[in-house]
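Encoded as structure tokens, the structure appears first; notes follow it.
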Amino acid sequence: MPDASQQFENREFQTEVKKLLDIVINSLYTDREIFLRELISNSADALEKLRYESVVNKEIAGQDLPLEISIELDDKEKTITVTDTGIGMTRNELVENLGTIAHSGSKTFIQQLNESDQKDLNLIGQFGVGFYSAFMVAKKIRVLTRSYLPGEPGCEWVSEGLGSYDVRTADGLPRGTKIVMELKEDAHEFAGAARVKEIIRQYSSFVPFPIKVNGEQVNTVQAIWARNKSEVTEEEYNEFYKFIATAYDEPHYRLHFTADAPLAINALLFVPKNNFERFGFGRMEPGTNLYSRKVLIQSHSENILPEWLRFVKGVVDSEDIPLNISRETAQDSALIAKLQKVITGRFLKYLDKESQNDPEKYAEFWYKFGMFIKEGATTDYTYQKDLTSLLRFESSAAEPGQLISLADYAGRMKDGQKDIYFINGPTREAIEAGPYVEAFRAAGYEVIYNYEPIDDFVFSNLREYEGKKLVSADSAGLELPGLTDEPGEEPLDSEKTNALTAWFKEILGEKVSEVKASSRLVESPAIILNLNPMMTNSMQRVMQAASRDFGDTGRNALEINTRHKLIKKLDDLRQEDAEFARIVAEQVFDNALISAGLVINPLDIVERINRILDRTL
Ligand code: ADP
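Note that the sequence shown covers residues 15 to 631 in this note's numbering.
As structure tokens, this is what we get:
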């Protein structure tokens, strides 16, 4: 039995909490009503945990208390009290939970504040800083709580949010948590029933426990995912999405499905409108919650969907999953693996169907979330086939901005064409102005345009599509049947060509593996090609950037266009001024490297160009 002095303690808040409270109390004046969403959500979590504990048969205190949240308003005293019959907290938990910051939302918020120079404080609504947000509206808060663990005494926590709080043991409390807030002068509206009901309707309609305001229940408790599709309205779906995703807008996609075999599943999944990972908000946590017969087993589960589907928000309920599965056991449970397979397969099929039904809507999805599909296609072999059909690209045969699939490409390949061609470049304009697509243009082959480095890694992983090899247009040794000799400039004869290519190779030395006459160039004097079929220029670029290695092009071939005026004149120049011809040859090579987007040493170039200019002027 603790003595009186042990029972009462005055404790300092952790430094981060002080900082957070200072902001909450002194700087936040808009969206203050979200404090209620935060408290109700804490209560709902505590109730979910209690429901879980009672089904896995642990002994719990207060067996017969109904699971609910009640809100009492006192318009005279200007107080609002939120009470739940959830798992409650022991004294240690109370000190740990309401004196330090454990919550990831508040951590991110503080971090964001430091980074954003306190500019956008109202991001608070997006992050939710949990319990502490109650100090936006309360000048003093009392928390009375008692754990569900039999034999634990109750506890009281009191604070004005100014640096410290008091804790003491409190007798006679029922299981659960009661939070009493004395409202600030300018926050008296939150003691009014109409205002409070409106807030609950807006933010907390889908909390799966009764919420009562002064004794009257204000929400309809329903597991929307377990209801029949035809009975759920569009509006209910959207509101539910906002609730589980803490979103303000409507979802981009929605999939609601029920299965009986191989597992009994009720799932409701959403794709949001925006991908915050793209905006540099850091890696998202998984967005789906796992239930079994409406009992929450894991929120933000890492196991129901693969990592690259972390942007999907929703609920998966399967009565085949045992309730006592823990995070650890879930990871290597064969049952969960099966569940993941069924749900992922179903979701990818849904996306595929949507992409056919409404290509424009899918294009919007693709621009925002395509990175996740590519992530899956490069890391997850299991779903590679389904992911392949979801990939979209621009191509030489489609209008700018219009997307095609590999199936589109394959369906219109030329007679006799065996491979699928692609090329990587920073933009459509850059690709079309460069030397790589000119042969394809002349011979009438479609080329897929990749704009991001990961695209080439995706292709190199896939290797082929329906038996057709995926070939980069910068590979050496491509055969392009149908590329006819255009009448016009005569090429150098073979004797001259052999002498010229040998001369080039001597000058460039180890920088290239071979130099030969090109059969594919039309307008450009020279081109760098890859001898390694598994490598593209873009992939080389990524590797060069990683190793900071200038001009590591030893695996490349230089092909020259012996019909080109520049090359022919260079051949003449060799006889007249060997020294200057050498400089020009080096520049021709560097120009080809630049067109390939490969790293070159700019200082060498500047010096060389100055010498060339000097001679021309
Ligand atoms: P979060 O709920 O996001 O973790 P909070 O700061 O709101 O962050 O709460 C911190 C912790 O305090 C919670 O994780 C929970 O363990 C505990 N807690 C808060 N409210 C309650 C409650 N009503 N019942 C039981 N525990 C609670």
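Think of the CB as a built atom: it goes at the ideal place given N, C-alpha and C, for glycine as much as any other residue.
For residue i, list the residues DSSP reports as bridge partners.
i	result
Gln-589	Looking at the DSSP assignment, Gln-589 forms no beta bridge with any residue, so it has no partner.
Leu-35	Answer is none; Leu-35 lacks a bridge partner.
Asn-106	None, per the DSSP bridge assignment.
Gln-312	Leu-304
Phe-284	Arg-268, Lys-327
Tyr-397	In DSSP, Tyr-397 forms no bridge with anything.
Ile-225	Ile-83
Gln-231	Lys-226
Gly-190	Arg-160
Glu-196	Thr-93, Lys-154
Less than 8 Å between the CB of residue i and some heavy atom of the ligand ADP, yes or no?
i	result
Phe-603	no
Phe-473	no
Leu-53	yes
Met-103	yes
Ser-486	no
Phe-145	yes
Asn-106	no
Ala-240	no
Ala-60	yes
Asp-98	yes
Ile-48	no
Leu-112	yes
Ser-173	no
Ile-74	no
Ile-225	no
Gly-168	no
Ser-68	no
Ile-115	yes
Asn-646	Only positions 15 to 631 of the chain appear in the structure, and residue 646 is not among them; the question remains open.
Report the CB separation of residue i from residue j in whole angstroms; it is logged as a contact under 8 Å.
i	j	result
Glu-316	Lys-287	With 8 Å as the limit, Glu-316 and Lys-287 do not qualify as a contact, their Cβ atoms being about 24 Å apart.
Thr-104	Pro-80	That belief does not hold up - the Cβ atoms of Thr-104 and Pro-80 are roughly 23 Å apart, past 8 Å.
Phe-223	Ala-58	6 Å
Asp-585	Lys-510	6 Å
Lys-192	Thr-95	6 Å
Val-356	Val-326	About 14 Å; that fails the 8 Å criterion.
Ser-218	Arg-46	Rounded, the Cβ-Cβ distance is 16 Å, inconsistent with contact.
Arg-182	Tyr-162	No, Arg-182 and Tyr-162 are not in contact; Cβ-Cβ is about 20 Å, not under 8 Å.
Trp-410	Glu-460	Reading the sequence as shown, one finds Ser at residue 410 and not Trp. Rounded, the Cβ-Cβ distance is 6 Å, consistent with contact.
Thr-302	Val-330	6 Å
Leu-535	Asn-575	4 Å
Ser-538	Pro-449	4 Å
Leu-420	Ile-434	7 Å
Gly-113	Arg-25	6 Å
Leu-323	Phe-257	Rounded, the Cβ-Cβ distance is 20 Å, inconsistent with contact.
Leu-197	Lys-92	5 Å
Phe-295	Ser-147	Not confirmed; about 20 Å, so no contact.
Taking 6 Å as the limit between beta carbons, can you name the residues of its chain near residue i, skipping five residues before and five after?
i	result
Ile-350	Asn-317, Ala-344
Ile-626	none
Asn-252	Glu-264
Glu-467	Here the sequence assigns Pro to residue 467, which means Glu is not the residue at that position. Ser-552, Val-556, listed in sequence order.
Ala-75	Tyr-162, Pro-164, Arg-189
Arg-569	Leu-545, Asn-546
Ile-279	Ala-273, Ser-332
Here's a check: name, in chain order, each residue in its chain whose Cβ is nearer than 7 Å to the Cβ of residue i, leaving out the five neighbours to either side.
i	result
Ala-184	Leu-158, Gly-168, Cys-169, Glu-170
Lys-352	Pro-276, Leu-277
Glu-478	Leu-484
Arg-629	Phe-594
Arg-10	The structure shown does not extend to residue 10, since the chain is modelled only from 15 through 631, so no value can be given for it.
Pro-495	Gly-430
Lys-133	At Lys-133 the pLDDT is 48, less than 50, meaning the model places this residue with poor confidence and gives no usable figure here.
Ala-261	Tyr-255, Pro-286
Ile-445	Ile-437, Gly-439, Val-451, Tyr-463
Ser-532	Ile-541, Glu-573, Ile-574, Asn-575
Phe-204	Ile-94, Val-151, Leu-197, Val-210
Among the residues of its own chain, which have a CB less than 8 Å from the CB of residue i, if the five just before and after it don't count?
i	result
Asp-366	Asp-400, Ser-403, Leu-404
Glu-250	Ile-238
Ile-597	Arg-622, Arg-625, Ile-626
Gly-229	Ser-84
Ala-599	Trp-517, Phe-518, Ile-521, Leu-522, Leu-584
His-314	Glu-299, Pro-300, Gly-301, Thr-302, Asn-303
Val-70	Leu-337, Asn-338
Cβ of residue i within 8 Å of any heavy atom in the ligand FAD?
i	result
Met-195	This structure lacks the ligand FAD; its bound ligands are the ligand ADP.
Examine chain D for any beta-carbon lying closer than 9 Å to the beta-carbon of residue i, and answer yes or no.
i	result
Pro-276	No chain D is present in this structure, which holds just one protein chain.
Problem set entry | Sequence ranges, beta strand (DSSP E) only - wholly within the stretch 430-485, length at least 3 | 434-438, 461-464
For this session: Could you pull out every unbroken alpha helix (DSSP H) segment of at least 4 residues lying fully inside the stretch 234-260, listed in chain order?
Result: 248-259
Problem set entry | Segments of 4+ residues assigned as alpha helix (DSSP H) that fall wholly inside the stretch 504-559 | 508-522
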